[in-house]
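Quick mapping for you: the protein sequence lines, in order, are chains R and B.
Be aware that the first sequence starts at 1, since it is given in the working numbering, and climbs by one per residue.
Be aware that the second sequence starts at 1, since it is given in the working numbering, and climbs by one per residue.
Since the structure comes first, as structure tokens, the remarks are kept for the end.
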Amino acid sequence: DQQVKQNSPSLSVQEGRISILNCDYTNSMFDYFLWYKKYPAEGPTFLISISSIKDKNEDGRFTVFLNKSAKHLSLHIVPSQPGDSAVYFCAATPDAGNMLTFGGGTRLMVKP
Amino acid sequence: EAGVAQSPRYKIIEKRQSVAFWCNPISGHATLYWYQQILGQGPKLLIQFQNNGVVDDSQLPKDRFSAERLKGVDSTLKIQPAKLEDSAVYLCASTRDRGAPLHFGNGTRLTVT
């Protein structure tokens, strides 16, 4: 069973516009959520995280929103840039630990 | 700081052969992970080490996969014998502290024919 799901395998956005990537989870024990970004032939790199005690966390152009009641989180990128084109993975873990469960990823393409 | 190093970058083997992957984590990182990423899917945890002890290997197919971390630094992951469904990218990651983000290596892409 997939405990973390990213239902959109791909997303295409125009440069300068907002990119919204979504993630749903089923395990109510998850209390810490992360987004990783992956370029081809490279390992995932950490982007931003959020604890379950918050509903929003912001870092520059990146904002993550958490809706615990809906078991849903989203990553907003504003404004989107061509260099943001990559695969984005949502991940979750219980007890703010490091046993991460990843979603299947969303490929973002930002067109110039 | 130097990143997580993995080798080889690519490996092609025939089914039933054996293969080994190597990982050198970031200096000072006590916790090391091996993940398997099948094409089109997210990474799946295979095993977690804390120093040279295994913390969790519940998702490691122990009939064919083995891993060790001697002296609490480098680690090797072995598959013997390989199956077609083992074709994937094998990612090594490390972290200094509980709750700190994982640092991933660039992975080893394994193709089993």
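By construction, the Cβ of each residue, glycine as well, lies at the ideal position given by its N, Cα and C atoms.
Give the residues of chain B in contact with residue i, contact being defined as C-beta atoms less than 8 Å apart.
i, result
"S49/R", "P101"
"F89/R", "G42, P43"
Considering only the beta carbon of each residue, do residue i and residue j sit closer than 8 Å?
i, j, result
"A92/R", "F46/R", "no"
"K71/R", "F65/R", "no"
"I50/R", "L73/R", "yes"
"Y88/R", "K37/R", "yes"
"L110/B", "V19/B", "yes"
"R61/R", "I77/R", "yes"
"S8/R", "T106/R", "yes"
"D86/B", "M99/R", "no"
"G42/B", "A96/R", "no"
Check the DSSP bridge columns for residue i and list the partner residues they point to.
i, result
"Q81/R", "Paired residues: none, contrary to the question."
"E68/B", "T76/B"
"R61/R", "DSSP output for R61/R lists no bridge partner at all."
"A92/R", "F33/R, T101/R"
"N22/R", "S74/R"
Can you tell me the Cα-Cα spacing of residue i and residue j, whole angstroms?
i, j, result
"H29/B", "K44/B", "20 Å"
"Q48/B", "L91/B", "12 Å"
"L60/B", "G40/B", "20 Å"
"S27/B", "Y35/B", "20 Å"
"G16/R", "D59/R", "17 Å"
"P81/B", "R9/B", "20 Å"
"N27/R", "S69/R", "12 Å"
"F65/B", "I79/B", "5 Å"
"A88/B", "R16/B", "16 Å"
"D97/B", "Q50/B", "10 Å"
"K71/B", "N67/R", "43 Å"
"A41/R", "Q37/B", "12 Å"
How would you list, in chain order, the residues of chain B whose beta-carbon sits under 9 Å from the beta-carbon of residue i?
i, result
"F102/R", "Y35, Q37, Q41, G42, P43, K44, L45"
Can you find the residues in the same chain that come closer than 6 Å, C-beta to C-beta, to residue i, ignoring five residues on each side of it along the sequence?
i, result
"E163/B", "Nothing in the structure corresponds to residue 163/B, since chain B is present only between 1 and 113."
"V13/R", "S19, S80, V110"
"F21/B", "L77, Y90, T108"
"Y33/B", "Q48, A93"
"L75/R", "L21, W35, V64"
"G104/R", "Q6"
"G83/R", "none"
If you drop the 5 nearest sequence neighbours on each side, which residues of the same chain put their C-beta closer than 7 Å to that of residue i?
i, result
"Y25/R", "Q3, V4, K71, A92"
"S85/R", "L108, M109, V110"
"V54/B", "I47"
List the residues of chain R whose Cβ lies closer than 9 Å to the Cβ of residue i, in chain order.
i, result
"R98/B", "D95, A96, G97, N98"
"L91/B", "G43, P44"
"S56/B", "For the sequence presented, residue 56/B should be read as Asp rather than Ser. Neighbours of D56/B on chain R, chain order: M99."
"F104/B", "Y36, K38, E42, G43, P44, T45, F46"
"G107/B", "A41, E42, G43"
Which same chain residues, not among the five before or five after residue i, have their C-beta less than 8 Å away from its C-beta?
i, result
"G105/B", "G3, V4, A5, Q6, C23, L91, C92, A93"
"P44/R", "Y36, K37, K38, F89"
"S10/R", "T106, R107, L108, M109"
Going along chain B, which residues have a C-beta under 7 Å from residue i?
i, result
"G83/R", "In chain order: nothing, as chain B lies at least about 19 Å away."
"G105/R", "G42"
Which residues in chain R have a C-beta closer than 8 Å to the C-beta of residue i? List them in chain order.
i, result
"T31/B", "N98"
"A52/B", "Looking at the sequence shown, residue 52/B is not Ala but Asn. Within 8 Å Cβ-Cβ: nothing; N52/B doesn't reach chain R, min ~17 Å."
"T95/B", "N98"
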